[in-house]
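As structure tokens, the structure follows; a few thoughts come after it.
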Amino acid sequence: MTETWVITSHYFQRMARKPFLIVFLLAIPFTLLLAEFAAFGRTEVKKTITPQAIWFRSDGIASPVADRFVSCLAGQSGRPLQIEEVSRDVNPPRDVPFITVAARSPLRLSLQGPNSGPAFLLAKSVMKICAARASQSSVPIYAVNLQRAAPEPRAGALKSRAFFARFFPGLALFGALFLCQSMASLVWRDQELTVQQRLLTMPVRPSALVFGPVLFLTSGALLALLLLLAVCAFGTNPSALLFPSLWAIAIGFALCSAGLQLSLGFLARSQRAAQAMSASSNMMLAFFGGGFVPLSLYPPLLRNAAYGLPNGAAQAGITQLFEGEGHSPALLWRVSTVFLWAAVLVCTAIALQGRRLRS
Amino acid sequence: MVKRFGAVQALESLSLAVKKGEIYGLLGPNGAGKSTTINLICGLLKPTSGSITVAGFDILKNAIRAKGSIGVVPQELALYTELNSRQNLKFFGRLYGLGGSFLEARINDLLAMVHLDGRDTAPVGTLSGGMQRRLNIAAALLHRPAVVLMDEPTVGLDPQNRANILDIVEAIAADGAAVLYSTHYMDEVEQICHRIGIIDHGKLLVEGSLDELRSQAGGKEILTLRGTFHTTSAAEAFELRQGESVVKCSAEEIVLNLIGAEGRLPSLLAAAARAGEVREVSMNRQTLESLFIQLTGRELRE
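As they're listed, the protein sequences go chains W and Y. Here the numbering used here is used: the first residue of the first sequence is 1, the next is one more, and so on. Here the numbering used here is used: the first residue of the second sequence is 1001, the next is one more, and so on.
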């Protein structure tokens, strides 16, 4: 294990001497992050709602409504809400009760007048709208219903969520593959150097020479992927980062990337050939696995085929997580597909490197 | 050791032993089997048959322990050119299981030994060819190996750098290591090797100290004639005496192993003229080179 780690850390040390590559690779996620903020602004999915003011007309009928409203809040909130009745003769000029509600999530409020159907008002500003409606209406409100509601998304947030949940995972996976290819060029170059022969004459276990590059590429691809997914999650569903499924997909796909790049490198006769093979396979994967276009836009046949590819399965899984379907049974299938590919590709790389070392 | 690559016999029953503190020169032309011998000893190749023991450990049965006793200096530069000398040595040292202050001290000692202590922060790619070769040697000595295998470490270097490296090789042997030094430079083995083995076509033709090999040459001289000859009549034209022989006889070159050739050079040249047209004549006294030519029928540079 020590030898493996020495070899892995040595690769990182050598990579650290390529500042242009590092800046270039870091520029990708941070440019996307800036683009996200510029296009969609800050996402407010987890924002705590500040207390809202609700006004009711004080015309003799509204008071019981206010009482009913308070009891309704207490009954449907699921936990105690701080509801405070303030003096009736505070601003505005009409004699109305003043109620503040502290809620951690938006509430849906429906008001009903005597001759009209329920009026559903949504979201954070609902209380103020409700109050305005109540204060301007000549019809007294006699029925109030309150329930938890989905947050009212801003126009930008809707676009942001759709974009980052469906487009971004494919791009992030392609980015990780691309990074892995850049890192693998170090390993491929070593195959052509005499230094590889020196390593073989040293008291180093062959397993270290096999697993050192695997660990180097896997950890590099994993770091890149997590960084990209974290950027993506801020635009969609930050809590998805806490799901073990997301980590499993990231680890599985990082192993896939490492296994693929190493297998190609050990198959190729030269570094140039390895680069050509890797670039071709990455582009093919990106095209057929939804790297540039969301899988949801693919025709059914291609989409189903893409689910069988490592990046297609990973993309579908990540999209599900970002869209809040963290407990979907299909997610387990996606994770399994990614890990199956990881096992096949890493085992192939190990077998090819073993054969190469023996020869 | 016997080594075959398919139908090609690379090594044919080669046996040799190198003692502690000894520099054994493996001398032979390109393609003679020197690198194959070194690659077999260090475990890069597996012998078709035979056995190899390094510092008491069988390289096939106990590879890790045996390799831990070997330091290999490959013919080509085996270093990371983007890293500096110290980083290279640190990496190889860690793989040899060294670390901490011991490794730092060892790196400092080795950098001083190969005269690179002032250039340890420059990337290896920016060092001169001689410096790179010296660092290549230092990387093989980090773990104080009992056996050092050097595969033509001075190829392509200028005389000053070659002299530097030869001094380092002598210092390694003086430190107690057994050194197997492969080269095709005759003067190098004459200068530093305690024992010499001449190898060609995968066979160890002869071995011994320089004096022993010189005496095997038997005071003979090698006469080389180049030109255009009638190969069928050339051998008879020279009227060779007892103990003399034709080493090589081709349409372009005749090589004779003669006794007292100096005194009868005119008659030999006249005989050569009868055998064809002579354009170049050279005569070598009893040197290692003449022995090599006598044994192999060709000059070392071939």
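Even glycine gets a Cβ: it sits at the ideal position worked out from N, Cα and C. All of these numbers come straight from a predicted model, not from anything done at the bench.
Continuous beta strand (DSSP E) stretch holding Y:C1249: start and end: For the purposes of this step, residue 1249 of chain Y is taken as the residue at position 249 of the second sequence. Unbroken beta strand (DSSP E) run through Y:C1249: 1245-1249.
Measuring only between beta-carbons, confirm whether W:T43 sits less than 8 Å from chain Y. Residue mapping note: residue 43 of chain W aligns to position 43 of the first sequence, counting from 1. Because the pLDDT at W:T43 is just 48, under 50, the model does not fix this residue reliably, and the value given afterwards should be weighed accordingly. Closer than 8 Å: no.
Burial state of Y:V1255 (16 or more Cβ within 10 Å): For this step, residue 1255 of chain Y is matched to residue 255 along the second sequence. Buried is the call here.
Decide if Y:G1243 is buried, meaning its Cβ has at least 16 other Cβ atoms within 10 Å, or exposed. Indexing the second sequence from 1 puts residue 1243 of chain Y at position 243. Answer is exposed; the Cβ neighbour count stays below 16.
Is it buried or exposed for Y:K1090, if we count other Cβ within 10 angstroms and need 16 for buried? Counting from 1 along the second sequence, the entry for residue 1090 of chain Y is found at position 90. Buried, since its Cβ has 16 or more Cβ neighbours within 10 Å.
When you check each C-beta in the segment 1059-1083 of chain Y against every C-beta of chain W, which residues fall closer than 7 Å? I1064, K1067, G1068, I1070, V1072, P1074, E1076, L1077, A1078, L1079, Y1080, E1082, L1083
Leaving aside the five residues before and after Y:A1177 along the sequence, list all residues of the same chain whose C-beta is less than 7 Å from its C-beta, in chain order. Here residue 1177 of chain Y is taken as the residue at index 177 of the second sequence, counted from 1. These residues qualify, in order along the chain: P1145, A1146, V1147, V1148.
Under 8 Å, do Y:L943 and Y:L1103 count as touching if we go by C-beta distance? Only positions 1001 to 1302 of chain Y appear in the structure, and residue 943 of chain Y is not among them; the question remains open.
Local Cβ density within 10 Å of Y:G1068, reported as buried at 16 or more and exposed below that: Position 68 of the second sequence, counting from 1, holds the residue named residue 1068 of chain Y. It counts as buried.
W:T8 classed as buried or exposed, judged by whether at least 16 other C-beta atoms fall within 10 angstroms: Counting from one through the first sequence, the residue named residue 8 of chain W turns up at place 8. Buried is the call here.
Taking the C-alpha atoms as reference points, what is the distance between Y:G1025 and W:C256? Along the second sequence, read from residue 1 onward, the residue named residue 1025 of chain Y stands at position 25. Along the first sequence, read from residue 1 onward, the residue named residue 256 of chain W stands at position 256. Distance between the alpha carbons of Y:G1025 and W:C256 is about 50 Å.
How would you call W:P299, buried or exposed, if buried means at least 16 neighbouring beta carbons within 10 angstroms? Position 299 of the first sequence, counted from the start, is the residue given in the question as residue 299 of chain W. By the 10 Å Cβ count, W:P299 comes out exposed.
Reducing DSSP to helix, strand and coil, say where Y:R1065 ends up. Within the second sequence, residue 1065 of chain Y is the residue found at index 65, counting from 1. Y:R1065 falls in the helix class under three-state DSSP.
Quick one, which residues of the segment 193-222 of chain W are near chain Y if we go by CB-CB under 9 Å, in chain order? L193, T194, V195, Q196, Q197, R198, L199, L200, T201, M202, P203, V204, R205, A208
Strictly under 8 Å for the Cβ-Cβ distance: is Y:L1095 near chain W by that measure? Taking the second sequence and counting its residues from 1, the one referred to as residue 1095 of chain Y is at position 95. Judged by the 8 Å Cβ criterion, Y:L1095 is in contact with chain W.
Residues of chain W with CB closer than 8 Å to the CB of Y:L1044, please, in chain order. To locate residue 1044 of chain Y, count along the second sequence from 1; it is residue 44. In chain order: Q197, L200, T201.
Closer than 9 Å by beta-carbon distance: list the chain W residues that pair up with Y:F1005, in chain order. Along the second sequence, one-based indexing puts residue 1005 of chain Y at 5. What Y:F1005 touches in chain W: nothing, since even the nearest Cβ is about 12 Å away.
For W:S296, which residues from the same chain have a beta carbon less than 7 Å from its beta carbon, with the 5 sequence-adjacent residues on both sides left out? Here residue 296 of chain W refers to the residue found at position 296 when the first sequence is read from its first residue. For W:S296, where only same-chain residues beyond five positions count, the Cβ hits under 7 Å are R166.
Using the beta-carbon of each residue, which ones in chain Y are nearer than 8 Å to W:R166? Translated into the one-based positions of the first sequence, residue 166 of chain W becomes position 166. What W:R166 touches in chain Y: nothing, since even the nearest Cβ is about 41 Å away.
Listed in chain order, which residues of the segment 6-33 of chain W have Cβ atoms closer than 8 Å to some Cβ of chain Y? V6, I7, H10, Q13, R14, R17
Determine the closest residue to W:S280 out of W:P294, W:A16, W:S270, W:Q261, with distance taken between C-alpha atoms. As a position in the first sequence, residue 280 of chain W is number 280, starting the count at 1. Ranking the options by Cα distance to W:S280, first place goes to W:Q261.
Anyone know if the C-beta pair for W:G290 and W:G175 falls short of 8 Å? Sequence index remark: in the first sequence, residue 290 of chain W carries index 290 (1-based). Sequence index remark: in the first sequence, residue 175 of chain W carries index 175 (1-based). Cβ distance not < 8 Å, so W:G290 and W:G175 don't count as in contact.
Distance cutoff 8 Å, beta carbons only. Does Y:F1102 sit that close to anything in chain W? Here the question's residue 1102 of chain Y lines up with position 102 in the second sequence. No, no contact with chain W.
With distance defined between alpha-carbon atoms, name the residue in Y:S1035, Y:R1214, Y:A1007 nearest to W:Q197. Start at 1 with the first residue of the first sequence, and residue 197 of chain W comes out as number 197. That would be Y:S1035, whose Cα lies nearest to the Cα of W:Q197.
Output yes if chain W places a C-beta closer than 8 Å to the C-beta of Y:F1091; else output no. Position 91 of the second sequence, counted from the first residue, corresponds to residue 1091 of chain Y. Judged by the 8 Å Cβ criterion, Y:F1091 is in contact with chain W.
Interface residues of chain Y around W:E323 at Cβ under 9 Å? What you label residue 323 of chain W is simply residue 323 of the first sequence in a count that begins at 1. Those within 9 Å of W:E323 in chain Y number zero; the least Cβ separation is about 45 Å.
Distance between beta carbons of W:R356 and W:F266, contact taken as under 8 Å: The residue you call residue 266 of chain W lines up with position 266 of the first sequence. The residue you call residue 356 of chain W lines up with position 356 of the first sequence. That belief holds up - the Cβ atoms of W:F266 and W:R356 are roughly 6 Å apart, short of 8 Å.
Report the three-state DSSP secondary structure of Y:N1088 (helix, strand or coil). Taking the second sequence and counting its residues from 1, the one referred to as residue 1088 of chain Y is at position 88. Reduced to three states, the DSSP call for Y:N1088 is helix.
Can you give me the start and stop residues for the beta strand (DSSP E) that Y:L1256 sits inside? Along the second sequence, read from residue 1 onward, the residue named residue 1256 of chain Y stands at position 256. Start and end: 1253-1258.
Just to confirm the assignment, what range does the alpha helix (DSSP H) spanning Y:E1170 have? For the purposes of this step, residue 1170 of chain Y is taken as the residue at position 170 of the second sequence. 1159-1174 is the extent of the alpha helix (DSSP H) around Y:E1170.
With 16 as the cutoff for other CB atoms within 10 Å, does Y:A1017 come out buried or exposed? As a working mapping, residue 1017 of chain Y is identified with position 17 in the second sequence. Answer is exposed; the Cβ neighbour count stays below 16.
Please look up how many angstroms separate the CB atoms of W:L360 and W:Q315, rounded, as I've assumed it's under 8 Å. Chain W is shown from 1 up to 359; residue 360 of chain W falls before or after that span and cannot be answered.
Under 8 Å, do W:A250 and W:L227 count as touching if we go by C-beta distance? Position 250 of the first sequence, counting from 1, holds the residue named residue 250 of chain W. Position 227 of the first sequence, counting from 1, holds the residue named residue 227 of chain W. For W:A250 and W:L227, no; Cβs fall outside 8 Å.
By how many angstroms is the C-alpha of W:T348 removed from the C-alpha of Y:V1073? As a working mapping, residue 1073 of chain Y is identified with position 73 in the second sequence. As a working mapping, residue 348 of chain W is identified with position 348 in the first sequence. Whole-angstrom Cα-Cα distance: 32 Å.
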